[in-house]
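Under our numbering, the first residue of the sequence shown is numbered 113, with each subsequent residue one higher.
The C-beta atom is built at its ideal place from N, Cα and C for all residues, glycine as well.
Beneath this line is the structure, given in C-alpha cells, with notes to follow.
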Amino acid sequence: MALMLPLQVVDSFCRRCCSSNACTSNYDEKKLAELLVNKASLFDVIKWQRVSKKFRKAAQKRLNSYTRIDVQVYSRLKKLREEMHNQSKDLCFIILLHSFVRFILKVSSNIFMQHISTLLVFLAFADRLDWHPTLTLVAVELGPNHLGIAVDSLLKWKDVRALFHLLITLSRNVEHLCIDSPIIEMLVAEVNKRQVKLLVSLLCQSRTTVKEQSCFNEFTIAPIDNVHLPEGPFFPNLKQLTISSQTNQLEHLSRLLSYSVSVNLIYHVEEMDLLCLKISIGSGWSQSKHFRLFRHLTRFRQWTEASLLGERYFQQFGNSFTKRRGKASPLNAYT
113 MALMLPLQVV DSFCRRCCSS NACTSNYDEK KLAELLVNKA SLFDVIKWQR VSKKFRKAAQ
173 KRLNSYTRID VQVYSRLKKL REEMHNQSKD LCFIILLHSF VRFILKVSSN IFMQHISTLL
233 VFLAFADRLD WHPTLTLVAV ELGPNHLGIA VDSLLKWKDV RALFHLLITL SRNVEHLCID
293 SPIIEMLVAE VNKRQVKLLV SLLCQSRTTV KEQSCFNEFT IAPIDNVHLP EGPFFPNLKQ
353 LTISSQTNQL EHLSRLLSYS VSVNLIYHVE EMDLLCLKIS IGSGWSQSKH FRLFRHLTRF
413 RQWTEASLLG ERYFQQFGNS FTKRRGKASP LNAYT
C-alpha cells in the first residue's frame with residue numbers, strides 16, 4: 113500500500129509542530145503509532161517499521177505478541193480472494209489522510225487525535241481477513257496472541273517467498289505452531305536453498321581472481337535475499353508443534369530427510385514439550401492400500417529425532433481432523 117510516505121509526513125509533522133511541548137509530542141506520537149499499528153493489516157505493519165522509531169517499536173510489539181500460529185492450506189483460497197477483491201480497507205486510510213489535512217488547518221493535536229479515534233472505529237468493522245496486497249496469502253487473528261495464516265493449495269514461487277518471509281518475521285516468539293505437511297516441507301526446502309546460496313556466496317568470496325572479482329560470478333545460483341535466516345533455530349522458542357497431514361500428503365513428511373536440514377535448524381529438540389502428528393486416513397482403512405504409510409512415518413521420525421522426545425512425540429490417526437479444523441476456522445464461513 114502506498115501509505116508509507118503519508119505516514120512519514122504525518123510523523124514528521126507531529127514531531128515538528130508539537131516541539132514546543134516535547135513530552136506531549138512524544139506521548140502523542142507514540143500513542144498515534146500504537147493506535148494505527150494495532151488496527152492495521154499485518155502486512156502493512158511489517159512495512160510501517162520503516163516509518164520511524166516509534167512506528168518500529170509499535171510494529172515490533174505487535175509482531176512479537178503472537179505466540180501461537182496456525183499455517184494451513186486451502187484449495188479455494190484464490191477464488192475467495194477474487195470474490196473479496198473489491199472489499200478493501202484503502203478507503204479508510206484515504207479518510208485518515210483527509211483528517212490529517214483538517215488537522216493542519218486547525219493546528220490542534222487534540223482534535224487530530226479525536227479524528228484518529230473516530231477512524232479507528234471504522235477500521236474495527238473492516239474485514240477480519242488481512243490479505244496480502246498482491247498474493248494469495250491471508251492472515252487472521254484467531255484470539256489473543258493467536259494468528260492464523262492460510263495459503264492456496266496451488267502455491268507459486270512468489271507466494272512461497274512471501275510466506276517464508278512472514279514466518280521469519282513472526283518466528284522469534286512462537287511457542288505453539290500448527291502446520292500442514294506441505295508447508296513444513298516448504299519451510300525446510302527454503303532453509304536448505306538459502307543454505308546453498310550462502311555457501312555459494314562464501315565460495316565466491318573466497319576464490320577471487322587477481323582483479324578481486326569472483327571467478328564464480330557468472331555461475332551464481334541466485335542472489336541472496338535481504339531477509340536472512342535467523343541465527344540458531346528458525347523457531348528458537350518453539351515448545352509445541354502439531355503437523356496435520358492426509359495420507360496422500362505423507363510424502364511431504366518423508367522427503368524432509370532428503371533436504372539435509374537438521375531438525376535443530378527448525379527448533380530445539382531438547383526444549384520441545386510436545387510434537388504431535390495428526391493423520392487423516394479417510395473413511396476407510398486398507399492395509400494393502402496404505403502399506404507405504406509406515407515407511408513415510410519412519411523417515412519422518414528419523415528427521416524429527418523422535419527417539420530423543422520419547423513420550424513427548426505421538427501420532428493420531430482419524431478420519432475427521434479436516435472436518436473439525438474446518439468448523440473451527442473463520443475461513444470456513446467464506447469458503
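### Contacts around Asp337, its chain only, beta-carbon distance under 6 Å, and the 5 residues preceding and following it disregarded
Mapped onto the sequence shown, residue 337 falls at position 225. Residue confidence for Asp337 is low, a pLDDT of 49 falling below 50, so the modelled location carries little weight and cannot support an answer.
### Query
By a C-beta neighbour count over all protein chains shown, 10 Å radius and 16 as the cutoff for buried, is Phe155 buried or exposed?
Your numbering for residue 155 matches position 43 in the sequence shown. It is buried - the Cβ of Phe155 has at least 16 other Cβ atoms within 10 Å.
### Query
Which term fits Glu302, buried or exposed, when burial requires 16 or more other beta carbons within 10 angstroms of its beta carbon?
Here residue 302 is taken as the residue at index 190 of the sequence shown, counted from 1. Flag for Glu302 reads buried.
### Message
In this structure, how does DSSP classify Glu253 when only helix, strand and coil are distinguished?
### Response
Stepping through the sequence shown from its first residue, residue 253 is reached at position 141. Glu253 falls in the strand class under three-state DSSP.
### Task
Indicate the three-state DSSP secondary structure (helix, strand or coil) for Leu175 in the structure shown.
The residue you call residue 175 lines up with position 63 of the sequence shown. If DSSP states are grouped into helix, strand and coil, Leu175 belongs with the helices.
### Task
Determine, using beta-carbon pairs with one atom in the segment 265-272 and one in the segment 342-352, whether at least three such pairs fall under 8 Å.
no
### Task
Report the residue from Leu275, Ser164, Ser370 whose alpha carbon sits nearest the alpha carbon of Ile291.
By one-based count along the sequence shown, residue 291 stands at place 179. Measuring C-alpha to C-alpha distances from Ile291 to each of Leu275, Ser164, Ser370 identifies Leu275 as the nearest.
### C-beta contact flag for Val373 and Thr416 at 9 Å
Within the sequence shown, the letter at position 261 stands for residue 373. Within the sequence shown, the letter at position 304 stands for residue 416. It is not a contact, given that the beta carbons lie outside the stated cut-off.
### Query
How many angstroms separate the CA atom of Leu175 from the CA atom of Thr410?
For the purposes of this step, residue 175 is taken as residue 63 along the sequence shown, with counting starting at 1. For the purposes of this step, residue 410 is taken as residue 298 along the sequence shown, with counting starting at 1. Distance between the alpha carbons of Leu175 and Thr410 is about 36 Å.
### Message
Quick check: the Cα distance between Phe429 and Gln352, rounded to an integer number of angstroms?
### Response
As a working mapping, residue 429 is identified with position 317 in the sequence shown. As a working mapping, residue 352 is identified with position 240 in the sequence shown. Computed Cα separation, rounded: 19 Å.
### Query
Which stretch, first to last residue, makes up the alpha helix (DSSP H) that contains Gln317?
Reading the sequence shown from its first residue, position 205 is the one you call residue 317. Bounds of the alpha helix (DSSP H) holding Gln317 are 293-318.
### Query
Would a C-beta distance cut-off of 9 Å place Glu287 and Asn349 closer than the cut-off?
Here residue 287 refers to the residue found at position 175 of the sequence shown. Here residue 349 refers to the residue found at position 237 of the sequence shown. Yes, they are a contact pair.
### Message
Our contact map puts Val250 next to Leu241 with C-beta atoms below 8 Å; I'd like the distance itself, whole angstroms only.
### Response
Residue mapping note: residue 250 aligns to position 138 of the sequence shown, counting from 1. Residue mapping note: residue 241 aligns to position 129 of the sequence shown, counting from 1. Yes, they are in contact, since the Cβ atoms of Val250 and Leu241 sit about 5 Å apart, within 8 Å.
### Query
Closest by CA to Arg284, which one among Lys142, Gln172, Trp243?
Looking up residue 284 in the sequence shown gives position 172. Selected option, being the one with the closest Cα: Gln172.
### Message
Here's the rule: buried if 16 or more other CB atoms are within 10 angstroms of the residue's CB, otherwise exposed. What is Ala236?
### Response
The sequence position of residue 236 within the sequence shown is 124, counting from 1. With a pLDDT of only 45 at Ala236, under 50, the local geometry of the prediction cannot be trusted, and the value read off the model is given with reservation. The residue is exposed, with fewer than 16 neighbouring Cβ atoms inside 10 Å.
#### Entry: Where Ser357 falls: helix, strand or coil (DSSP)
As a first step, residue 357 is located in the sequence shown; it is residue number 245 there, counting from the start. Strand, per DSSP.
### Task
Answer yes or no: do Asp385 and Arg424 have a C-beta to C-beta separation smaller than 9 Å?
The residue labelled residue 385 in the question sits at position 273 within the sequence shown. The residue labelled residue 424 in the question sits at position 312 within the sequence shown. Between Asp385 and Arg424, the C-beta gap is smaller than 9 Å, which places the two residues in contact.
### Query
What is the DSSP secondary structure of Ser370, reduced to helix, strand or coil?
Counting from 1 along the sequence shown, the entry for residue 370 is found at position 258. Helix at Ser370.
### Query
Would the beta-carbon of Gln358 fall within 9 Å of that of Leu389?
As a working mapping, residue 358 is identified with position 246 in the sequence shown. As a working mapping, residue 389 is identified with position 277 in the sequence shown. Not in contact: Gln358 and Leu389 (Cβ atoms no closer than 9 Å).
### Message
What does the alpha-carbon distance come out to for the pair Lys190 and Ser318?
### Response
What you label residue 190 is simply residue 78 of the sequence shown in a count that begins at 1. What you label residue 318 is simply residue 206 of the sequence shown in a count that begins at 1. Cα-Cα distance, rounded: 45 Å.
### Task
Out of Lys305, Thr179, Asn150, Phe406, state which residue places its alpha-carbon closest to the alpha-carbon of Asn360.
The residue you call residue 360 lines up with position 248 of the sequence shown. Looking at the Cα atoms, Phe406 is the closest of the given residues.
### Query
Which class does Phe426 belong to by DSSP, given the choice of helix, strand or coil?
Taking the sequence shown and counting its residues from 1, one reaches residue 426 at position 314. In the structure shown, Phe426 sits in a strand (DSSP, three-state: E or B).
### Message
What would DSSP say about Ser392, mapped onto helix, strand or coil?
### Response
For the purposes of this step, residue 392 is identified with residue 280 of the sequence shown, where counting begins at 1. Strand.
### Query
For Thr281, which of Glu146, Leu421, Leu420, Gln161 has the nearest alpha-carbon?
Stepping through the sequence shown from its first residue, residue 281 is reached at position 169. Comparing Cα positions, the closest option is Gln161.
### Rounded separation between Arg367 and Arg404 - CA only
Locating residue 367 in the sequence shown gives position 255, where the first residue counts as 1. Locating residue 404 in the sequence shown gives position 292, where the first residue counts as 1. Looking at the two C-alpha atoms, the distance is approximately 13 Å.
### Query
Between the C-alpha atoms of Thr354 and Leu369, what's the straight-line distance to the nearest angstrom?
Numbered from 1 along the sequence shown, position 242 holds the residue referred to as residue 354. Numbered from 1 along the sequence shown, position 257 holds the residue referred to as residue 369. Rounded to the nearest angstrom, the two C-alpha atoms are 18 Å apart.
### Query
Using a Cβ-Cβ distance under 9 Å, would Arg174 count as near chain C?
Considering every chain present, this structure includes no chain C. It has just one protein chain.
### Query
Do you know how far the Cα of Ile261 is from the Cα of Phe167?
The residue you call residue 167 lines up with position 55 of the sequence shown. The residue you call residue 261 lines up with position 149 of the sequence shown. Between Phe167 and Ile261, the C-alpha separation is close to 24 Å.
### Query
Grouping DSSP H, G and I as helix and E and B as strand, with all else coil, what is Asp156?
Looking up residue 156 in the sequence shown gives position 44. Looking at Asp156 - three-state DSSP - the assignment turns out to be helix.
### Query
Should Glu141 be labelled buried (16 or more other beta-carbon atoms within 10 Å of its own) or exposed?
On the sequence shown, position 29 is the one that residue 141 refers to. By the 10 Å Cβ count, Glu141 comes out buried.
### Task
Check the DSSP bridge columns for Gln184 and list the partner residues they point to.
For this step, residue 184 is matched to residue 72 along the sequence shown. Beta-bridge pairing links Gln184 to Ala262.
### Query
Glu194: which of Lys309, Ser177, Thr248 sits nearest, CA to CA?
Taking the sequence shown and counting its residues from 1, the one referred to as residue 194 is at position 82. For the options Lys309, Ser177, Thr248, the alpha carbon positioned closest to that of Glu194 is the one of Thr248.
### Message
If distances are taken between C-alpha atoms only, which option among Glu382, Tyr178, Trp269 comes closest to Lys305?
### Response
By one-based count along the sequence shown, residue 305 stands at place 193. Nearest C-alpha to Lys305: Trp269.
### Query
Helix, strand or coil for Asn431 per DSSP?
Taking the first residue of the sequence shown as position 1, residue 431 is located at position 319. Coil at Asn431, not helix or strand.
### Query
Mind checking Val183: buried by the 16 CB within 10 Å criterion, or exposed?
Along the sequence shown, one-based indexing puts residue 183 at 71. Classification of Val183: buried, given that the 10 Å Cβ count is 16 or more.
### Message
Let me make sure I understand the geometry here. Which of Arg180, Ile295, Asn257 has the alpha-carbon closest to that of Leu362?
### Response
Taking the first residue of the sequence shown as position 1, residue 362 is located at position 250. Nearest C-alpha to Leu362: Ile295.
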